[in-house]
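For the sequence shown, the UniProt record's numbering begins at 1 and goes up steadily by one.
Read the structure below first, then the notes.
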Amino acid sequence: MLKSGFFIHKPYNLLTMIRNIIASLLLSILWTANMSCSDKDSDITSVFEIESTQLTKSLDNNATQITIPVNTTLNTNDWNVVSSVNWLFVSKKQDTNGASIIISAKANAGEKRETIIKVTSSVRNYSISITQYGPNDVIVESDYLVQPYGGKDSEHQPGQDITNTYDGKFAADGADPFHTPWGQSAHFPVILEYYFRGDTEIDYLIYYTRSGNGNFGKLRVYTTTNPDRSGYTLQGEYDFKEQNAPSKVSFSQGVKATGVKFEVLSGLGNFVSCDEMQFFKKNTDKTLDKQLLTVFTDVTCTALKTGVDEEAINALPAYFVRIAEALKNNSYDEWEKEFRIHEYEAYSNVEEWAEKLMTKKYSNLDNPTGISVNAGDEVIVLVGDTHGQDISLQCIWETGTDYVQTAASGDVYMLQPGVNKLMMKGQGQLFVMYNTDITSSSANPIKIHIPLGSGKVNGYFDLKKHRTDTKYSELLHKATHKYFCVRGEKIMFYFHRTKMLEYLPNNILSAINLWDNIIGWQQELMGIEDVRPSQVNNHMFAISPEGSYMWASDYQIAFVYTYLGNILLYDNVMAAEDNAWGPAHEIGHVHQEAINWPSSTESSNNLFSNYIIYRLGKYKSRGQGINYLAQTVYGDKKAWWNMGTSTHQNEDTEMHMRMNWQLWIYYERCKGNENKPVFWPQVFKIMRDKYGDIPESDPGKRQMAFVKAVCEAAQEDLTDFFETWGFFKEVNTQIEQYGTYNYLVTAQMIENTKSEISKYDKKAVPIQYIEDRIASDFPATDYRAREVGDVGYYIQFKNNIQITKPVSAAISGKTVSIANGDEAVAFEIRKGTDGKGALLYFANTFQFTVPQSIVVNGASLFAVQADGVRKLITQF
Numbered sequence: 001m002l003k004s005g006f007f008i009h010k011p012y013n014l015l016t017m018i019r020n021i022i023a024s025l026l027l028s029i030l031w032t033a034n035m036s037c038s039d040k041d042s043d044i045t046s047v048f049e050i051e052s053t054q055l056t057k058s059l060d061n062n063a064t065q066i067t068i069p070v071n072t073t074l075n076t077n078d079w080n081v082v083s084s085v086n087w088l089f090v091s092k093k094q095d096t097n098g099a100s101i102i103i104s105a106k107a108n109a110g111e112k113r114e115t116i117i118k119v120t121s122s123v124r125n126y127s128i129s130i131t132q133y134g135p136n137d138v139i140v141e142s143d144y145l146v147q148p149y150g151g152k153d154s155e156h157q158p159g160q161d162i163t164n165t166y167d168g169k170f171a172a173d174g175a176d177p178f179h180t181p182w183g184q185s186a187h188f189p190v191i192l193e194y195y196f197r198g199d200t201e202i203d204y205l206i207y208y209t210r211s212g213n214g215n216f217g218k219l220r221v222y223t224t225t226n227p228d229r230s231g232y233t234l235q236g237e238y239d240f241k242e243q244n245a246p247s248k249v250s251f252s253q254g255v256k257a258t259g260v261k262f263e264v265l266s267g268l269g270n271f272v273s274c275d276e277m278q279f280f281k282k283n284t285d286k287t288l289d290k291q292l293l294t295v296f297t298d299v300t301c302t303a304l305k306t307g308v309d310e311e312a313i314n315a316l317p318a319y320f321v322r323i324a325e326a327l328k329n330n331s332y333d334e335w336e337k338e339f340r341i342h343e344y345e346a347y348s349n350v351e352e353w354a355e356k357l358m359t360k361k362y363s364n365l366d367n368p369t370g371i372s373v374n375a376g377d378e379v380i381v382l383v384g385d386t387h388g389q390d391i392s393l394q395c396i397w398e399t400g401t402d403y404v405q406t407a408a409s410g411d412v413y414m415l416q417p418g419v420n421k422l423m424m425k426g427q428g429q430l431f432v433m434y435n436t437d438i439t440s441s442s443a444n445p446i447k448i449h450i451p452l453g454s455g456k457v458n459g460y461f462d463l464k465k466h467r468t469d470t471k472y473s474e475l476l477h478k479a480t481h482k483y484f485c486v487r488g489e490k491i492m493f494y495f496h497r498t499k500m501l502e503y504l505p506n507n508i509l510s511a512i513n514l515w516d517n518i519i520g521w522q523q524e525l526m527g528i529e530d531v532r533p534s535q536v537n538n539h540m541f542a543i544s545p546e547g548s549y550m551w552a553s554d555y556q557i558a559f560v561y562t563y564l565g566n567i568l569l570y571d572n573v574m575a576a577e578d579n580a581w582g583p584a585h586e587i588g589h590v591h592q593e594a595i596n597w598p599s600s601t602e603s604s605n606n607l608f609s610n611y612i613i614y615r616l617g618k619y620k621s622r623g624q625g626i627n628y629l630a631q632t633v634y635g636d637k638k639a640w641w642n643m644g645t646s647t648h649q650n651e652d653t654e655m656h657m658r659m660n661w662q663l664w665i666y667y668e669r670c671k672g673n674e675n676k677p678v679f680w681p682q683v684f685k686i687m688r689d690k691y692g693d694i695p696e697s698d699p700g701k702r703q704m705a706f707v708k709a710v711c712e713a714a715q716e717d718l719t720d721f722f723e724t725w726g727f728f729k730e731v732n733t734q735i736e737q738y739g740t741y742n743y744l745v746t747a748q749m750i751e752n753t754k755s756e757i758s759k760y761d762k763k764a765v766p767i768q769y770i771e772d773r774i775a776s777d778f779p780a781t782d783y784r785a786r787e788v789g790d791v792g793y794y795i796q797f798k799n800n801i802q803i804t805k806p807v808s809a810a811i812s813g814k815t816v817s818i819a820n821g822d823e824a825v826a827f828e829i830r831k832g833t834d835g836k837g838a839l840l841y842f843a844n845t846f847q848f849t850v851p852q853s854i855v856v857n858g859a860s861l862f863a864v865q866a867d868g869v870r871k872l873i874t875q876f
């Protein structure tokens, strides 16, 4: 028999038995004490410790790897770690950062599984409890889909009628949408009418776009309860803003409609399209939501109620038991928790503000979750109080055939308060879409929890929250997805993770601060400080395509991934002018609309590029010198629209870019505060407020409007300036620049514009001759060293330099050589001798040759003073 741990082999008397038991106990005590002393002695020279918080680990169902730090002075041969199951592998690691245990788990497609990992050493032993959960087993009560039984439309492309909008098939799955006839504008309003049995209440509807031409703009929604669908009642007027995202319409009171009718008043590209139109009745008896509130403080399941017991926890579905236990045991991994539980801020509507500010659309992907998913994943999303706002989840992946690039939009999943269970159609990273009027009292942060087991945490870096290069490096090195997101104040990088590890593995602050500044400086010129960030707060979204070079479009700007090292590292940006100029040029395309028209598209954005180069403080502005302007306008008799030689998209960008920059040099650098623009913000505001209804597609009207806006901002008459730049020449032609446009400038338009700007009593000084560069600024091999001229430097204008020297000229044929002309800003050839005759030619160099096409007989040569006074030099 077994007694007190000893086997009794033969009969003993009672006294002998007691003596032996006492002796054995004493020996046991002495042996234990000796071992305890031995342990104590070992601890003096050897250390082997694992923090208690690391002894319990919960893993989701994905294949994953975790690291447990070990504080030890032992060699790796002196301790061991063992797993007894075939789904979990363990190993030891020793490097300069110390010792650690690496635990790798296979994906779990079945039920929850548990095991104990044994860690042994000569100092002490540990047991690490591992629990890996299976796929989600949550049953979620959704709202009820109300299916139309029929419908009709007012027009459609053959094969793309209204039935395609309620067949349950999306374009992402290869299904055709509804679309008005191709190749022609829709006949607005376009009518879409849906038929219902009338016995089921409809509380709200969701319009799904096809993310392209035809996205709904303005519309009216009507309902009827009449059996014959007569007598429609207007439910409301809406503006879906032609956005690439679903839109929701909620009825203030549910209606048992027999018909729902849409009058679509506008659509993107003058088309109307619809991927799916879904109608819903709310489920007001969601038992799961109620059950969760017996355990958790709110439906996001991020904190337990005080005093909740095991019985209540274990009554939950297994998925939520796991969440409750992780919270109760404080075993919810902090890195996972940081990205899975978040309060998402409201961001403005990019379509609305692009129209108001006359820009391309900024991104609406302002709220990254840092969580990636695969196609077929089931994702649980726990949504708190939405304050009546519409929110959704969007999965962003890739597009392109010639080369791969990040998509600007993806599959969208509408979210409701409470438990949402989503089946992912494709892979990518998840972004919360929360776009609204951010000035609204209801635009409050929304708490969302995407629990363990739903997707995989990749993380992202947020400048406002994470702040340091050390934290950035930690997050980047933990990430595993193809792309890594960095959110600054004004820009977001969404770049290849491997390229970021290659180019800037440990530091991000200089890069994100630089590009936040660059965008901020461009926004300064636009004059939007009165609305940003109080009313509009979206980010620019920069991606790293695997082809092309650099470009800008709605929702994105792009820099090829092989070039990231040149534009992200501050020292590299400063090492080569193009590394700042190129990206600033592309960002300028986003901002240029208010001051742009066809013939200017590749130059009006260079106002921003030149300004960025200036603010960086190292390089000089770009563009050809004004002697070339004299040649093309006065020698070749060309106008603004066709001056010089077409270098890109039928535009002489090197010449054109100087015009806007001359206005900056004078009105900002000479007359204002060069680091706090005042003049150009006024030009932008006037163009937006007064002339925003003139489309870019009417270049003639836009050109004349720009003249008026500049003069109003300056409160001066700039007739001579725009005359010099070829604005006041009649045009009636077609031009090609990213499209075909009719370019019409009539004599009447010119007369009206000149008449309007003549109301300003003050005539502008000869700004058309101003330069911010001198030859000594450049190496002799730089074209600008030969083109910038000898006079007209901005200091002459700023200090109002007077001509005090006797200027003279030697003329040989048509070559003119000037002496003592350094106080002038230019030299003009005009008819007559009073300086008021017609301008024939000009130059800003001490020697120049008048083109053969210009007749100079009887004309005079003048030295032009900074204040516009012309001083006669000689007659021809």
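Just so you know, even glycine gets a beta-carbon here, dropped at the ideal spot from N, CA and C.
It should be emphasised that the depicted structure is a prediction, and the values quoted were computed from it without experimental measurement.
For residue i, three-class secondary structure by DSSP
i, result
"residue 747", "helix"
"residue 610", "helix"
"residue 320", "helix"
"residue 627", "helix"
"residue 578", "helix"
"residue 483", "strand"
"residue 27", "Bear in mind that the predicted position of residue 27 carries a pLDDT of just 43, short of 50, making it unreliable; the figure below should be weighed with that in mind. Three-state DSSP puts residue 27 in a helix."
"residue 711", "helix"
"residue 826", "strand"
"residue 662", "helix"
"residue 333", "coil"
"residue 727", "coil"
"residue 846", "coil"
Span separating the alpha-carbon of residue i from that of residue j
i, j, result
"residue 909", "residue 211", "Look at the range of the chain in this structure, 1 to 876, and you will see that residue 909 is not part of it."
"residue 266", "residue 225", "27 Å"
"residue 865", "residue 672", "21 Å"
"residue 173", "residue 554", "25 Å"
"residue 358", "residue 674", "24 Å"
"residue 711", "residue 718", "6 Å"
"residue 429", "residue 496", "13 Å"
"residue 133", "residue 107", "10 Å"
"residue 744", "residue 558", "34 Å"
"residue 677", "residue 591", "16 Å"
"residue 877", "residue 51", "Because the chain is modelled from 1 through 876, residue 877 falls outside the range shown and cannot be assessed."
"residue 506", "residue 470", "7 Å"
"residue 259", "residue 548", "49 Å"
"residue 805", "residue 566", "49 Å"
"residue 237", "residue 217", "11 Å"
Any C-beta of chain B under 8 Å from that of residue i
i, result
"residue 720", "No chain B is part of this structure, which consists of one protein chain only."
Whole-number beta carbon distance between residue j and residue i, since they are thought to touch under 8 Å
i, j, result
"residue 206", "residue 261", "Actually they are not in contact, since the Cβ atoms of residue 206 and residue 261 sit about 17 Å apart, beyond 8 Å."
"residue 381", "residue 448", "6 Å"
Residue i beta carbon near the ligand HEM (any heavy atom closer than 7 Å)
i, result
"residue 432", "This structure simply doesn't include the ligand HEM, nor any ligand for that matter."
Output the residue ranges of the alpha helix (DSSP H) runs that lie fully inside the stretch 502–551 and measure 4 residues or longer, sorted by chain position. With a minimum length of 4 residues, the continuous alpha helix (DSSP H) runs that stay inside the stretch 502–551 are 509–526.
Contact between the stretch 352–366 and the stretch 458–470: three or more CB pairs below 8 Å? no
Okay, do the stretch 473–484 and the stretch 495–503 touch, 3+ Cβ pairs below 8 Å being the bar? yes
Tell me whether the stretch 660–667 and the stretch 757–771 touch, counting them as touching only if at least three CB pairs, one residue from each stretch, are closer than 8 Å. yes
In the stretch 143–202, which residue ranges form an unbroken beta strand (DSSP E) of at least 3 residues, counting only runs that do not cross its ends? 144–146, 150–153, 190–195
Could you tell me whether the stretch 526–544 touches the stretch 609–627, where touching means 3 or more Cβ pairs closer than 8 Å? no
Give the list of continuous beta strand (DSSP E) stretches no shorter than 3 residues that lie fully inside the stretch 359–444. 367–373, 378–383, 391–396, 411–415, 418–423, 428–433
Length at least 3, wholly inside the stretch 33–98: the beta strand (DSSP E) runs in chain order: 56–59, 64–72, 79–82, 88–95
Beta strand (DSSP E) runs contained entirely in the stretch 112–142, provided each spans 3 or more residues: Within the stretch 112–142, the complete beta strand (DSSP E) runs of at least 3 residues are 113–121, 126–132.
Contact between the stretch 290–309 and the stretch 268–282 is defined here as three or more beta-carbon pairs at a separation below 8 Å; is this criterion met? no
So within the stretch 738–823, which uninterrupted alpha helix (DSSP H) runs reach at least 4 residues, ignoring any that extend past its ends? 747–757, 783–787, 794–798
Is it true that the stretch 404–414 meets the stretch 309–325, where meeting means three or more beta-carbon pairs spaced less than 8 Å apart? no
Three or more C-beta pairs under 8 Å: does that hold for the stretch 848–864 against the stretch 632–641? yes
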